[in-house]
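K.L.:
Numbering (UniProt numbering), first residue to last: 1 to 189.
(1) Only counting runs of 4 or more residues, tell me where the alpha helix (DSSP H) segments fall wholly within the region 144-183, in order along the chain.
(2) Are residue 141 and residue 104 close, meaning C-beta to C-beta below 9 Å?
(3) On the criterion of 16 or more Cβ atoms from any shown chain inside 10 Å, does residue 114 qualify as buried, or is it exposed?
(4) What number of angstroms, rounded off, separates the C-alpha of residue 136 from the C-alpha of residue 130?
(5) Hey, could you find the ends of the alpha helix (DSSP H) residue 15 is sitting in?
(6) With burial defined as no fewer than 16 other Cβ atoms inside 10 Å of the residue's Cβ, what is the status of residue 20: buried or exposed?
(7) Between the region 169-183 and the region 138-154, do three or more beta carbon pairs fall short of 8 Å?
(8) Okay, do the region 75-91 and the region 148-156 touch, 3+ Cβ pairs below 8 Å being the bar?
(9) Decide if residue 134 is buried, meaning its Cβ has at least 16 other Cβ atoms within 10 Å, or exposed.
(10) Given that a residue counts as buried once 16 or more other Cβ atoms are within 10 Å of its Cβ, and exposed if not, what is residue 107?
(11) Am I right that residue 148 and residue 98 are in contact with their C-beta atoms under 8 Å? What's the rounded C-beta distance?
Laid out in C-alpha coordinates, this is it:
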(Lines of atoms letter the chains of each structure in order from A and count residues from 1; the text may use other names and numbers.)
(Lines give C-alpha, C1' and ligand atoms only; values in the text may rest on other atoms or scores of the structure.)
Protein backbone atom coordinates (compact mmCIF):
# COMPACT_ATOMS: atom_id res chain seq x y z
CA UNK A 1 0.00 0.00 0.00
CA UNK A 2 1.59 3.27 -1.03
CA UNK A 3 1.13 6.65 0.59
CA UNK A 4 -0.61 9.35 -1.41
CA UNK A 5 -0.58 12.99 -0.37
CA UNK A 6 -4.14 13.90 -1.29
CA UNK A 7 -3.42 17.62 -0.95
CA UNK A 8 -1.20 17.49 -4.05
CA UNK A 9 -3.49 15.32 -6.20
CA UNK A 10 -5.97 16.88 -8.59
CA UNK A 11 -9.70 16.59 -7.96
CA UNK A 12 -10.19 14.18 -10.92
CA UNK A 13 -7.45 11.84 -9.72
CA UNK A 14 -8.87 11.88 -6.20
CA UNK A 15 -12.37 11.04 -7.47
CA UNK A 16 -10.98 8.24 -9.66
CA UNK A 17 -9.10 6.74 -6.70
CA UNK A 18 -12.19 6.95 -4.50
CA UNK A 19 -14.31 5.32 -7.21
CA UNK A 20 -11.75 2.53 -7.60
CA UNK A 21 -11.72 2.00 -3.82
CA UNK A 22 -15.53 1.79 -3.70
CA UNK A 23 -15.50 -0.74 -6.56
CA UNK A 24 -12.94 -2.90 -4.73
CA UNK A 25 -14.97 -2.81 -1.54
CA UNK A 26 -18.18 -3.67 -3.42
CA UNK A 27 -16.37 -6.59 -5.07
CA UNK A 28 -15.17 -7.84 -1.69
CA UNK A 29 -18.66 -7.55 -0.24
CA UNK A 30 -20.05 -9.74 -3.04
CA UNK A 31 -17.85 -12.63 -1.92
CA UNK A 32 -19.15 -14.97 0.74
CA UNK A 33 -17.54 -14.53 4.14
CA UNK A 34 -18.61 -15.55 7.61
CA UNK A 35 -17.76 -12.55 9.69
CA UNK A 36 -15.65 -9.48 10.09
CA UNK A 37 -12.48 -11.53 10.50
CA UNK A 38 -12.95 -13.15 7.09
CA UNK A 39 -13.64 -9.76 5.55
CA UNK A 40 -10.45 -8.26 6.96
CA UNK A 41 -8.39 -11.33 6.03
CA UNK A 42 -9.61 -11.20 2.42
CA UNK A 43 -8.95 -7.48 2.26
CA UNK A 44 -5.42 -7.94 3.64
CA UNK A 45 -4.78 -10.75 1.13
CA UNK A 46 -5.73 -8.46 -1.73
CA UNK A 47 -3.47 -5.72 -0.41
CA UNK A 48 -0.59 -8.22 -0.21
CA UNK A 49 -0.15 -8.18 3.55
CA UNK A 50 0.56 -11.94 3.62
CA UNK A 51 3.00 -12.04 0.70
CA UNK A 52 6.29 -11.77 2.60
CA UNK A 53 5.65 -13.80 5.76
CA UNK A 54 8.50 -15.85 7.21
CA UNK A 55 8.16 -19.53 6.49
CA UNK A 56 5.94 -19.07 3.44
CA UNK A 57 6.04 -22.17 1.26
CA UNK A 58 7.82 -24.26 3.90
CA UNK A 59 6.19 -27.31 5.49
CA UNK A 60 5.03 -27.21 9.12
CA UNK A 61 7.54 -28.42 11.68
CA UNK A 62 7.05 -31.88 13.19
CA UNK A 63 6.40 -30.37 16.63
CA UNK A 64 3.23 -28.67 15.44
CA UNK A 65 1.98 -31.69 13.53
CA UNK A 66 2.55 -34.08 16.45
CA UNK A 67 0.77 -31.93 19.04
CA UNK A 68 -1.86 -33.75 21.02
CA UNK A 69 -4.36 -30.95 21.12
CA UNK A 70 -5.17 -27.28 20.98
CA UNK A 71 -3.36 -26.61 24.28
CA UNK A 72 -0.08 -27.98 22.91
CA UNK A 73 -0.58 -26.03 19.70
CA UNK A 74 -1.15 -22.82 21.64
CA UNK A 75 1.98 -23.42 23.72
CA UNK A 76 4.08 -24.07 20.61
CA UNK A 77 2.80 -20.87 19.01
CA UNK A 78 3.59 -18.93 22.18
CA UNK A 79 7.06 -20.48 22.27
CA UNK A 80 7.72 -19.61 18.62
CA UNK A 81 6.90 -15.94 19.14
CA UNK A 82 8.89 -15.70 22.37
CA UNK A 83 5.95 -15.92 24.76
CA UNK A 84 5.61 -18.09 27.80
CA UNK A 85 2.79 -19.94 29.55
CA UNK A 86 0.84 -18.07 32.21
CA UNK A 87 2.13 -20.34 34.99
CA UNK A 88 5.72 -19.43 34.24
CA UNK A 89 5.00 -15.70 34.05
CA UNK A 90 3.15 -15.85 37.40
CA UNK A 91 6.08 -17.71 38.98
CA UNK A 92 8.50 -15.09 37.62
CA UNK A 93 6.26 -12.34 39.00
CA UNK A 94 6.31 -13.98 42.44
CA UNK A 95 10.11 -14.22 42.35
CA UNK A 96 10.39 -10.59 41.22
CA UNK A 97 8.16 -9.40 44.08
CA UNK A 98 10.15 -11.45 46.58
CA UNK A 99 13.40 -9.95 45.33
CA UNK A 100 11.99 -6.42 45.63
CA UNK A 101 10.97 -7.16 49.21
CA UNK A 102 14.40 -8.62 49.99
CA UNK A 103 16.06 -5.49 48.58
CA UNK A 104 14.01 -3.31 50.88
CA UNK A 105 14.84 -5.51 53.88
CA UNK A 106 18.52 -5.40 52.92
CA UNK A 107 18.28 -1.61 52.96
CA UNK A 108 16.87 -1.76 56.50
CA UNK A 109 19.63 -4.19 57.52
CA UNK A 110 22.35 -1.82 56.30
CA UNK A 111 20.61 1.09 57.92
CA UNK A 112 20.30 -0.82 61.21
CA UNK A 113 24.01 -1.66 61.20
CA UNK A 114 24.79 2.03 60.67
CA UNK A 115 22.40 3.13 63.43
CA UNK A 116 23.92 0.64 65.87
CA UNK A 117 27.35 2.15 65.21
CA UNK A 118 26.12 5.62 66.23
CA UNK A 119 26.08 6.99 69.76
CA UNK A 120 22.43 7.16 70.87
CA UNK A 121 22.83 10.39 72.83
CA UNK A 122 24.39 12.26 69.93
CA UNK A 123 22.34 10.92 67.00
CA UNK A 124 18.94 10.57 68.63
CA UNK A 125 17.05 12.20 65.72
CA UNK A 126 18.57 9.85 63.12
CA UNK A 127 17.73 6.82 65.22
CA UNK A 128 14.16 8.07 65.71
CA UNK A 129 13.87 8.59 61.97
CA UNK A 130 14.98 4.99 61.38
CA UNK A 131 12.50 3.69 63.96
CA UNK A 132 9.64 5.65 62.34
CA UNK A 133 10.60 4.31 58.91
CA UNK A 134 10.73 0.70 60.14
CA UNK A 135 7.37 1.02 61.91
CA UNK A 136 5.77 2.72 58.89
CA UNK A 137 6.97 -0.04 56.56
CA UNK A 138 5.49 -2.90 58.59
CA UNK A 139 1.89 -2.57 57.22
CA UNK A 140 3.27 -2.29 53.68
CA UNK A 141 5.47 -5.33 54.32
CA UNK A 142 2.45 -7.31 55.49
CA UNK A 143 0.41 -6.17 52.46
CA UNK A 144 3.20 -7.21 50.09
CA UNK A 145 3.47 -10.61 51.77
CA UNK A 146 -0.30 -11.07 51.38
CA UNK A 147 -0.04 -10.07 47.72
CA UNK A 148 2.73 -12.64 47.18
CA UNK A 149 0.60 -15.27 48.94
CA UNK A 150 -2.33 -14.41 46.70
CA UNK A 151 -0.18 -14.90 43.59
CA UNK A 152 1.16 -18.20 45.02
CA UNK A 153 -2.40 -19.46 45.53
CA UNK A 154 -3.28 -18.42 41.97
CA UNK A 155 -0.23 -20.28 40.69
CA UNK A 156 -1.15 -23.39 42.69
CA UNK A 157 -4.63 -23.39 41.14
CA UNK A 158 -3.49 -23.07 37.53
CA UNK A 159 -0.15 -24.88 37.50
CA UNK A 160 0.63 -28.60 37.59
CA UNK A 161 1.57 -29.99 41.00
CA UNK A 162 5.27 -30.00 40.16
CA UNK A 163 5.20 -26.19 39.99
CA UNK A 164 3.27 -25.62 43.23
CA UNK A 165 4.80 -23.31 45.81
CA UNK A 166 4.33 -23.27 49.57
CA UNK A 167 2.42 -20.18 50.77
CA UNK A 168 4.34 -17.84 53.06
CA UNK A 169 3.63 -17.84 56.78
CA UNK A 170 2.91 -14.14 57.18
CA UNK A 171 2.83 -14.25 60.99
CA UNK A 172 6.32 -15.78 61.10
CA UNK A 173 7.68 -13.22 58.62
CA UNK A 174 6.20 -10.31 60.61
CA UNK A 175 7.57 -11.74 63.88
CA UNK A 176 11.05 -12.10 62.35
CA UNK A 177 10.78 -8.53 60.99
CA UNK A 178 9.94 -7.16 64.43
CA UNK A 179 12.71 -9.14 66.14
CA UNK A 180 15.31 -8.00 63.64
CA UNK A 181 14.44 -4.34 63.05
CA UNK A 182 12.76 -3.18 66.28
CA UNK A 183 15.95 -3.60 68.37
CA UNK A 184 16.48 0.15 68.68
CA UNK A 185 13.02 0.81 70.13
CA UNK A 186 14.27 0.27 73.68
CA UNK A 187 17.18 2.71 73.21
CA UNK A 188 15.01 5.73 72.46
CA UNK A 189 11.96 6.18 74.64
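No residue lacks a Cβ here, since even glycine has one placed at the ideal position from N, Cα and C.
P.N.:
Reading it off the structure:
(1) 170-181
(2) Start at 1 with the first residue of the chain shown, and residue 141 comes out as number 141. Start at 1 with the first residue of the chain shown, and residue 104 comes out as number 104. A contact, by the Cβ cut-off of 9 Å.
(3) Locating residue 114 in the chain shown gives position 114, counting from the first residue. It is exposed - the Cβ of residue 114 has fewer than 16 other Cβ atoms within 10 Å.
(4) The residue you call residue 136 lines up with position 136 of the chain shown. The residue you call residue 130 lines up with position 130 of the chain shown. If I take the Cα positions, the gap works out to 10 Å.
(5) Here residue 15 is taken as the residue at index 15 of the chain shown, counted from 1. Here the alpha helix (DSSP H) through residue 15 covers 11-30.
(6) For the purposes of this step, residue 20 is identified with residue 20 of the chain shown, where counting begins at 1. Answer is exposed; the Cβ neighbour count stays below 16.
(7) yes
(8) Touching, yes.
(9) Residue numbering aside, residue 134 sits at position 134 when the chain shown is read from its first letter. It is buried - the Cβ of residue 134 has at least 16 other Cβ atoms within 10 Å.
(10) Working through the chain shown from its first residue, we reach residue 107 at position 107. Residue 107 is exposed by the Cβ-count criterion.
(11) Along the chain shown, one-based indexing puts residue 148 at 148. Along the chain shown, one-based indexing puts residue 98 at 98. About 6 Å separates the two Cβ atoms, so the contact holds.
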